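Asks: Supplied in structure tokens, the structure appears directly below.
Numbering (the numbering used here), first residue to last: 1385 to 1829.
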């Protein structure tokens, strides 16, 4: 590309900052919504049964995830046709804008049934933009990183996701502590959403200054961008299926640690709010801290063996967590929760890199958007809803383990059938990207 190493390094650093700050906004929103689900349930879904209000609030949370695949189908091909940068700018405006609007919504008491309808519509816009974000940003970062560094580079997207959720949780819980439950229910719940406005503006300013990824620009220069990514992506059906199932565990364990564990400890195990908050923050930070080590490790030693070992241990840890729950005290639940959190951090450290290496640059954003968003919707966003429903139906507080262990087994089966031939020659050359039958795949998968 004719750039000096210093320029390349500077562009790479700027790309990472621009991508991750916008990513932070997306996950800040989900963190805020997850932690304020109780207040939102009471404000928008009026019911005599608090559990029904909470279920309705979680259903709205889950719905935004089921819209994600549609966003992926729209924005994924767009990123492969017009570029990663322009698509990232568009989805950021949609995400930050809709989150800000959520903070201005009138409640059920003000406008009746129109309130939950508007809430659901805004959640759909958020889900639509989030669906476009993931395929685009993963492609953007992995293409800037280049061969041999994708694990370490893309793991920071996961670190940012966790930190965004923690920031959302810190703002929501800090305000609850400062204002008290009554004022929080009256108007305080709005403030964390309104904060997304100025945060989004700052991130937009940074993203507007970015250049597109070197790999995409090389395709443009060679005239080899895909004209019909949605049609072309079906040539990679096996890769899409592998990504789908490998992401299944990633999705469920992510939302177990970062959203459902909080509700489970508070509502089901009756831990006090201080303990619950502390545990979720410690678990989430621990997960974020180990991610860079996992990403760097798989860059050097390979992804498949690492993910198989960690995936097996993570599945066992989730079983341990729920089986410890009956009669659990904060002391007895701490170590099962920490085991789940650390294994989540290690597993999620390398899944984005793996996705990037299973799909070629021409249709990478489209392929990831399709293969990632559906399991996130089915096994991630709906995890709190499914877990709450399982407990309600069975009367057994350990019942969610069936769901979580099932997701672990699905991912392990996909990792077992993953083979060297599934990886593409993911280097900066735009030509001859196709499945390879030899050790051409960089990073040795």
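We put the CB at the ideal spot given by N, CA and C, even for glycine.
These numbers come from a predicted model, not from an experiment.
1) Applying the criterion that 16 or more other CB atoms from any shown protein chain within 10 Å of the CB defines a buried residue, is residue 1546 buried or exposed?
2) If you draw a straight line from the C-alpha of residue 1478 to the C-alpha of residue 1697, how long is it?
3) Roughly how many angstroms lie between the CA atoms of residue 1830 and residue 1609, to the nearest whole one?
4) Excluding the 5 residues flanking residue 1639 on each side, which residues of the same chain have their C-beta closer than 8 Å to its C-beta?
5) Under 8 Å, do residue 1759 and residue 1623 count as touching if we go by C-beta distance?
6) For residue 1829, which of helix, strand or coil comes out of DSSP?
7) Can we count residue 1577 as close to the ligand GDP, meaning its CB is less than 7 Å from some heavy atom?
8) Near residue 1661, what residues of its chain come up, given a Cβ to Cβ distance below 6 Å and the 5 sequence neighbours on each side ignored?
9) List the endpoints of the continuous alpha helix (DSSP H) containing residue 1395.
10) Residue ranges of each alpha helix (DSSP H) run of no fewer than 4 residues wholly in the segment 1718-1804, ordered along the chain?
11) Return the first residue and the last residue of the alpha helix (DSSP H) that residue 1510 is part of.
12) By how many angstroms is the C-alpha of residue 1573 removed from the C-alpha of residue 1444?
13) Check whether the Cβ atoms of residue 1397 and residue 1535 sit closer than 8 Å, and answer yes or no.
14) Are the beta-carbon atoms belonging to residue 1513 and residue 1555 less than 8 Å from one another?
15) Between residue 1783 and the rest of its own chain, which residues show a CB-CB distance below 7 Å, the 5 nearest in sequence each way excluded?
16) Which value, in whole angstroms, describes the spacing of the CA atoms of residue 1797 and residue 1627?
17) Return the CA-CA distance between residue 1605 and residue 1598, expressed in angstroms with no decimal places.
18) Along the chain, where does the alpha helix (DSSP H) that runs through residue 1495 open and close?
19) Thinking just about the alpha-carbon of each residue, which of 1730, 1603, 1503 and 1743 is nearest to the one in residue 1692?
20) Give the range of the alpha helix (DSSP H) segment to which residue 1550 is assigned.
21) Taking contact to mean at least 3 C-beta pairs separated by less than 8 Å, is the segment 1728-1743 in contact with the segment 1583-1593?
22) Please report the distance separating the alpha-carbon of residue 1777 from that of residue 1647.
23) Once you ignore the five residues that flank residue 1524 on each side, which residues in its own chain have a CB closer than 6 Å to its CB?
24) Applying the criterion that 16 or more other CB atoms from any shown protein chain within 10 Å of the CB defines a buried residue, is residue 1529 buried or exposed?
25) Alpha carbon to alpha carbon, how far is residue 1470 from residue 1540?
26) With distances taken from CA atoms, which of 1712, 1498, 1429 and 1580 is nearest residue 1481?
27) Beta-carbon separation of residue 1792 and residue 1633 under 8 Å?
28) Going straight from the alpha carbon of residue 1427 to that of residue 1569, what length do you get?
29) Below 8 Å on the Cβ atoms is my guess for residue 1487 versus residue 1419; work out the distance and round it to an integer in Å.
30) Please tell me whether residue 1415 and residue 1459 are closer than 8 Å, where the distance is taken between their beta carbons.
31) Measuring straight from C-alpha to C-alpha, what distance separates residue 1526 and residue 1740?
32) Give me the Cα-Cα distance between residue 1827 and residue 1607, rounded to the nearest whole angstrom.
33) Could you compute how far the alpha carbon of residue 1463 sits from the alpha carbon of residue 1750?
34) Among 1789, 1762 and 1799, which one has its Cα closest to the Cα of residue 1449?
35) Here's a check: name, in chain order, each residue in its chain whose Cβ is nearer than 7 Å to the Cβ of residue 1393, leaving out the five neighbours to either side.
36) Given residue 1560, which residues of its chain have a CB within under 7 Å of its CB, disregarding the five upstream and five downstream residues?
Replies: On the basis of the coordinates in this document:
1) Of the other Cβ atoms in all chains shown, 16 or more fall within 10 Å of the Cβ of residue 1546; this residue is therefore buried.
2) Distance between the alpha carbons of residue 1478 and residue 1697 is about 38 Å.
3) Lying outside 1385 to 1829, the shown extent of the chain, residue 1830 is not represented and no answer is given.
4) So the list reads 1764, 1765, 1767 and 1768, once near-sequence residues are dropped.
5) No; because the gap between Cβ atoms is not below 8 Å, this pair is not in contact.
6) Confidence at residue 1829 is low in this model, with a pLDDT of 37, below 50, so its placement is unreliable and the value that follows should be read with caution. Residue state, collapsed to three classes: coil.
7) Among the ligands in the structure shown, none appear at all, so the ligand GDP cannot be discussed.
8) Cβ neighbours of residue 1661 beyond the five flanking positions: 1557.
9) It spans 1389-1419 - the alpha helix (DSSP H) in which residue 1395 sits, taken as one unbroken run.
10) With a minimum length of 4 residues, the continuous alpha helix (DSSP H) runs that stay inside the segment 1718-1804 are 1735-1742, 1748-1759, 1767-1778 and 1784-1801.
11) Membership of residue 1510 in the alpha helix (DSSP H) is indicated by the continuous run 1498-1529.
12) Computed Cα separation, rounded: 16 Å.
13) Contact flag unset, no.
14) Their beta carbons are not under 8 Å apart, which means residue 1513 does not touch residue 1555 by this criterion.
15) Spatial neighbours of residue 1783 in its own chain (CB-CB distance under 7 Å, excluding positions within 5 residues in sequence) are listed in chain order as 1774 and 1775.
16) About 12 Å.
17) Roughly 10 Å between the two C-alpha positions.
18) Taken as a continuous stretch (DSSP letters only), the alpha helix (DSSP H) holding residue 1495 covers 1492-1495.
19) That would be 1730, whose Cα lies nearest to the Cα of residue 1692.
20) Following the DSSP letters along the chain, one finds residue 1550 inside the alpha helix (DSSP H) bounded by residues 1534-1563.
21) Verdict: no, contact absent.
22) Here the alpha carbons of residue 1647 and residue 1777 stand approximately 17 Å from one another.
23) Taken in chain order, the residues that qualify are 1403, 1468 and 1597.
24) With 16 or more neighbouring CB atoms inside 10 Å of its own CB, residue 1529 falls in the buried class.
25) Computed Cα separation, rounded: 21 Å.
26) It is 1580.
27) Pairing residue 1792 with residue 1633 gives a Cβ-Cβ distance under 8 Å.
28) So the two alpha carbons sit approximately 7 Å from each other.
29) Contact between residue 1487 and residue 1419 does not hold, since their C-beta atoms are separated by about 14 Å, which reaches or exceeds 8 Å.
30) Against a cut-off of 8 Å, the Cβ pair of residue 1459 and residue 1415 comes out as no contact.
31) Each residue's CA atom was taken as its position, placing residue 1526 and residue 1740 some 7 Å apart.
32) Any reading at residue 1827 needs caution, since the residue's pLDDT is 37, under 50, leaving its predicted position unreliable; the model's value is listed next. Roughly 27 Å between the two C-alpha positions.
33) So the two alpha carbons sit approximately 8 Å from each other.
34) Of 1789, 1762 and 1799, the residue nearest in Cα terms is 1762.
35) Same-chain partners within the cutoff: there are none.
36) So the qualifying residues of the chain are 1568.
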